[in-house]
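Under our numbering, the first residue of the sequence shown is numbered 392, with each subsequent residue one higher.
The beta-carbon is built from N, C-alpha and C at its ideal position, and this holds for glycine as well.
The structure displayed is predicted, hence computed values, not measured ones.
Working notes, beginning with the structure itself.
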Amino acid sequence: MRKILMVAAAVAALTTGAASAQEVTTTAASEGTSNTSFRGFRLEGNVGGDRFQSQGRHDDKFGYGGTIGFDGVIADRIVVGPEATYWRANNWTENCGAASGGSVCHKSF
Numbered sequence: 392m393r394k395i396l397m398v399a400a401a402v403a404a405l406t407t408g409a410a411s412a413q414e415v416t417t418t419a420a421s422e423g424t425s426n427t428s429f430r431g432f433r434l435e436g437n438v439g440g441d442r443f444q445s446q447g448r449h450d451d452k453f454g455y456g457g458t459i460g461f462d463g464v465i466a467d468r469i470v471v472g473p474e475a476t477y478w479r480a481n482n483w484t485e486n487c488g489a490a491s492g493g494s495v496c497h498k499s500f
C-alpha cells in the first residue's frame, strides 16, 4: 500500500502545472454584476484513502463517497452555502479491546 501511495504522489507531483487565470474585462454593460460562477446546486464524487489509528494499531483502506451542496453569493464577493457529505471506507475499519470487564470499540466512519 505504501508503494502505491508513493507512486501516486510522485505522479501527481510530476503532472502539476501552473494555473492560468481567466482574464476579465469590465465594461459599462457588465458593471454591478458578479464575476463569480460559484452559485447553485452541486454534486461531487470523492475517492481516497482512509487511515485509521488507535491503540497502537493502524489500518489503511480505500474509501469513496459523495457530497451535495448549494452555493450562494453574498455582496458579489462571499460564497456561502450548506453542504452534506457521505464517506465510506471498505469494511468500516474497527479496533476493539477489553476494558474493565467489557469491551471498547473504536471505529472509523
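Three-state class that DSSP yields for residue i in the structure shown
i            : result
arginine 430 : coil
Identity of the residues DSSP links to residue i by a beta bridge
i              : result
isoleucine 469 : Ile465
glycine 488    : Val495
glutamine 446  : Looking at the DSSP assignment, glutamine 446 forms no beta bridge with any residue, so it has no partner.
alanine 475    : Ile459
lysine 452     : Asp441
alanine 480    : Gly454
Cβ distance (whole Å) where residue i is taken to contact residue j below 8 angstroms
i             : j           : result
glutamate 474 : glycine 463 : Contact flag wrong, Cβ pair sits at about 12 angstroms.
Exposed unless 16 or more other CB atoms sit within 10 angstroms - verdict on residue i
i             : result
alanine 480   : buried
aspartate 467 : exposed
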